[in-house]
Amino acid sequence: MLTRSFPPELVDPVVAGCGRSAQRNRLPPPQVVVYFALAMCLFSGQRYEEVALLLTHGLASAKRRSGSSQVPKTATISRARARARLGPEPLKALFADVAGSVRYFADVIVGLGEEAFRQGTEQISYVVRTPVGVAGLITPWNTPFMLESWKLAPALAAGCTLVLKPAEWTPLSASLWPEIFAEAGLPAGAANIVHGIGEEAGQALVDHPDVPLLSFTGSTDTGRHILRSSANDLKTVSMELGGKSPAIVFADADLDAAIDSVVFGVFSLNGERCTAGSRVLVERAVYEDFVARLAARAANVRVGDPADPATEVGALVHPEHYDRVMNYVETGRKEGQLLAGGARPDHLDRGNYLQPTVFADVARDARIFQEEIFGPVVAVAPFDTEDEAVELANATQYGLAAYIWTSDLKRGHRIAHAVESGMVWINSHNVRDLRTPFGGVKASGVGREGGAHSIDFYSDCKIVHVALGDVHTPRFGAAR
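Dropping the structure here:
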């Protein structure tokens, strides 16, 4: 496995090495991914603190993130816990998700059968899955280790060789994969990691004629660019892109549970998550009360140094991103009523920190209602009827996720079917099941990954027709 920072001209030999590895090594895909699963479980159990440290500090340098001049040697699990904004048990759950993803695809590929069809007694047809070839995997900077596993595991399970291009802002956790793959016995050259900025290393991977398949998670603008770049080669693409997901709260909902879910859904991971419920639509009968409670909770969220185990929200990923989020906050002051946050916490005089921010009474045409901010900022608006709630939910270019809170399950199902999104949760926050398709509609993505959908994406299906008896073919040209 290669793990280097590459100028774009050196991506070509990496891709060529993937092809040679595929020709030399014919390990059955189930064997490869089962070993991968065992190695992943062993690694995550024995090297927990190292994984945690790399996840913590994978968001560029500590100096750029928090204003510190160096990374303390004592920063281990407490920093990682704070980085995840979730506490020690959910952080372990994050590692379990990574190992569980690999285990899951090991189970899928071992148990996956192929289809067969009989045409009476004269012919049988059966499906053969073959690897697409070299898979180009481009991952984002938020939760990098987990999202890398979501692409690596099914690609290897399907038998593809691959080139992973991690985000330049969070490259460190990708350095763990070579050791895991070596422990799994992955053939040399089957999996490669290319570091570099997207416009160079990523673009070279997108443009390469011997990379027929691209899986990308990131912004909608970048996704559009990749689609344009890959069109000439008719590459197979899967893209999970931006989101501006609505959380719809009806008056009959369990409001305590809804508040917990809304606060967690938009402020956990700093709001730097594609499925964040960053638009909250509340039925007018409970609007004033709900907004007041939401603002109080946002003001009480503990923002601080990732070294502090009590921290719930840490620093934003990078100064450039911090400036972008703060520009939206300034825009929001003109577009809505600021009820909480909107500035750096008083006790933090430097670093990329923002107190969770709540804007109320936001109009549907406001930028903070329409555009993905990707930070701890939420826009809240009232609605009067079920139809209006659906209209507001669908009033953006995005369609990734939606959250519905109501005690009327019939209404919950109606709204779930009417909302334009790839994923809907009713009376729940974002609980992921690896067996289910993951992705969005409209400007939130192209295609689906997850479960058997991932194996379909990384495989070509070939149908083989076999005659079982005499073939009765019309004899064109036989008669005189």
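First residue of the sequence shown: -1, per our numbering; consecutive thereafter.
All residues carry an ideal CB built from backbone N, CA and C; glycine is no exception.
(message) Can you tell me whether Pro138 is buried or exposed? The criterion is at least 16 other CB atoms within 10 Å of its CB, across all chains shown.
(response) Flag for Pro138 reads buried.
(message) Measuring only the C-alpha atoms, how far is Leu232 from Asn268?
(response) The alpha-carbon atoms of Leu232 and Asn268 are separated by roughly 37 angstroms.
(request) Please go through the same chain and pick out, in chain order, the residues whose beta-carbon is closer than 7 angstroms to the beta-carbon of Leu145, but skip the five residues on each side of it. (result) Thr137, Pro138, Thr215.
(message) Which runs of the alpha helix (DSSP H) at least 4 residues long sit entirely within the region 297 to 333? Give them in chain order.
(response) Positions of the alpha helix (DSSP H) runs, each at least 4 residues long and wholly inside the region 297 to 333, are given as 317 to 333 in order along the chain.
(message) To the nearest angstrom, how far is the alpha carbon of His378 from that of Gly200?
(response) One detail in the question is off: residue 378 reads as Val in this sequence, not His. Answer to the nearest angstrom: the Cα atoms are 37 angstroms apart.
(request) Please say whether Leu211 and Leu390 have beta carbons closer to each other than 8 angstroms? (result) No, these two residues do not count as a Cβ contact at 8 angstroms.
(request) Work out the CA separation of Thr394 and Asp363 for me, nearest whole Å. (result) Between the C-alpha atoms of Asp363 and Thr394 there is a straight-line separation of about 9 angstroms.
(message) For Pro380 and Val311, which I take to be in contact (beta-carbon distance under 8 angstroms), what is that distance rounded to the nearest angstrom?
(response) For Pro380 against Val311, the beta-carbon gap comes to about 26 angstroms, at or over 8 angstroms, which does not count as contact.
(request) Let me know if Gly448 comes out buried or exposed under the rule of 16 or more other beta-carbons within 10 Å of its beta-carbon. (result) Label assigned to Gly448: buried.
(message) So for Asn268, helix, strand or coil by DSSP?
(response) Assigned with DSSP and collapsed to three states, Asn268 falls in helix.
(message) What residue range does the beta strand (DSSP E) around Phe381 cover?
(response) Counted as a single uninterrupted DSSP element, the beta strand (DSSP E) harbouring Phe381 occupies residues 375 to 381.
(message) Does Gly475 come out as helix, strand or coil in the three-state DSSP assignment?
(response) The answer is coil: DSSP assigns Gly475 none of H, G, I, E or B.
(request) Return the chain-ordered ranges of every beta strand (DSSP E) run that is complete within the region 184 to 261 and spans a minimum of 3 residues. (result) Taken in chain order, the complete beta strand (DSSP E) segments of 3 or more residues contained in the region 184 to 261 are 189 to 193, 211 to 215, 234 to 238, 244 to 247.
(request) Can you grab the Cα-Cα spacing for the pair Ala229 / Gly302, in whole Å? (result) Cα to Cα, Ala229 sits roughly 45 angstroms from Gly302.
(message) Mapping the DSSP letters down to three states, classify Ser426 as helix, strand or coil.
(response) Residue state, collapsed to three classes: coil.
(request) Give the straight-line distance between the Cα atoms of Asp458 and Phe115, rounded to the nearest whole angstrom. (result) Spanning the two alpha carbons is a distance of roughly 18 angstroms.
(message) List, from N- to C-terminal side, the beta strand (DSSP E) runs of 3 residues or more that fit wholly inside the region 99 to 166.
(response) 114 to 117, 121 to 129, 132 to 136, 159 to 163, all fully within the region 99 to 166.
(request) Identify, in the order they occur along the chain, each residue of the same chain with its Cβ nearer than 8 angstroms to the Cβ of Gly475, setting aside the five sequence neighbours on each side. (result) Counting only Cβ-Cβ distances below 8 angstroms, and skipping sequence neighbours, we find nothing.
(message) Does the region 427 to 438 come into contact with the region 122 to 141, if we say contact requires no fewer than three beta-carbon pairs (one atom in each stretch) closer than 8 angstroms?
(response) Taking a contact to require three or more Cβ pairs closer than 8 angstroms, the region 427 to 438 and the region 122 to 141 do not qualify as touching.
(message) Taking the beta strand (DSSP E) that Asp458 belongs to, which residues open and close that run?
(response) In the DSSP assignment, Asp458 falls within the unbroken beta strand (DSSP E) covering 457 to 465.
(message) If the criterion is Cβ atoms closer than 8 angstroms, does the pair Ala296 and Ala341 meet it?
(response) No, these two residues do not count as a Cβ contact at 8 angstroms.
(request) Would you grab the beta carbon distance between Leu203 and Thr218 for me? Rounded to a whole angstrom, and I think it's under 8 angstroms. (result) Not a contact, Cβ separation roughly 19 angstroms.
(message) Please tell me whether Gln121 and His463 are closer than 8 angstroms, where the distance is taken between their beta carbons.
(response) Cβ distance < 8 angstroms, so Gln121 and His463 count as in contact.
(request) Counting only runs of 3+ residues fully inside the region 391 to 449, write out the beta strand (DSSP E) ranges in chain order. (result) DSSP runs (the beta strand (DSSP E)) wholly in the region 391 to 449: 399 to 403, 421 to 424.
(request) Ignore the nearest five residues each way along the sequence and tell me which others in Trp423's own chain have a CB closer than 8 angstroms to its CB. (result) Closer than 8 angstroms at the Cβ level, and outside the excluded window around Trp423, lie Ala399, Ala400, Tyr401, Ile402, Val429.
(message) Can you look up Arg83 in the DSSP assignment and give me helix, strand or coil?
(response) With a pLDDT of only 39 at Arg83, under the threshold of 50, the placement of this residue in the model should not be trusted; the figure read from the coordinates follows. It is coil, neither helix nor strand.
(message) For a quick check, are the C-beta atoms of Ser442 and Gly397 less than 8 angstroms apart?
(response) A contact, by the Cβ cut-off of 8 angstroms.
(request) Compute the Euclidean distance between the alpha carbons of Gly194 and Asp95, then round it to the nearest angstrom. (result) About 27 angstroms.
(message) By the three-class DSSP mapping on this structure, what secondary structure does Leu174 have?
(response) Three-state result, Leu174: helix.
(message) Alpha carbons only, please: which of Gly118, Ala151, Val132 is nearest the one belonging to Phe103?
(response) Answer by Cα proximity: Ala151.
(request) Assuming Arg127 and Glu112 form a contact by the criterion Cβ under 8 angstroms, report the distance between their Cβ atoms to the nearest whole angstrom. (result) The C-beta distance from Arg127 to Glu112 rounds to 7 angstroms, short enough to fall under 8 angstroms.
(message) Our contact map puts Ala274 next to Val261 with C-beta atoms below 8 angstroms; I'd like the distance itself, whole angstroms only.
(response) 11 angstroms between Cβ atoms; not a contact.
(message) Checking 8 angstroms against the spacing of the C-beta atoms, do Arg282 and Asp382 come in under that value?
(response) Less than 8 angstroms separates the beta-carbon of Arg282 from that of Asp382.
(request) Please name the residue in Ala416, Asp250, Ile366, Ala313 whose C-alpha comes closest to that of Val284. (result) Closest option to Val284, Cα to Cα, is Asp250.
(message) Let me make sure I understand the geometry here. Which of Lys440, Val444, Met421 has the alpha-carbon closest to that of Ala245?
(response) Comparing Cα-Cα distances from Ala245 to each of Lys440, Val444, Met421, the minimum goes to Met421.
(message) According to DSSP, simplified to helix, strand and coil, what is Gln335?
(response) Residue state, collapsed to three classes: strand.
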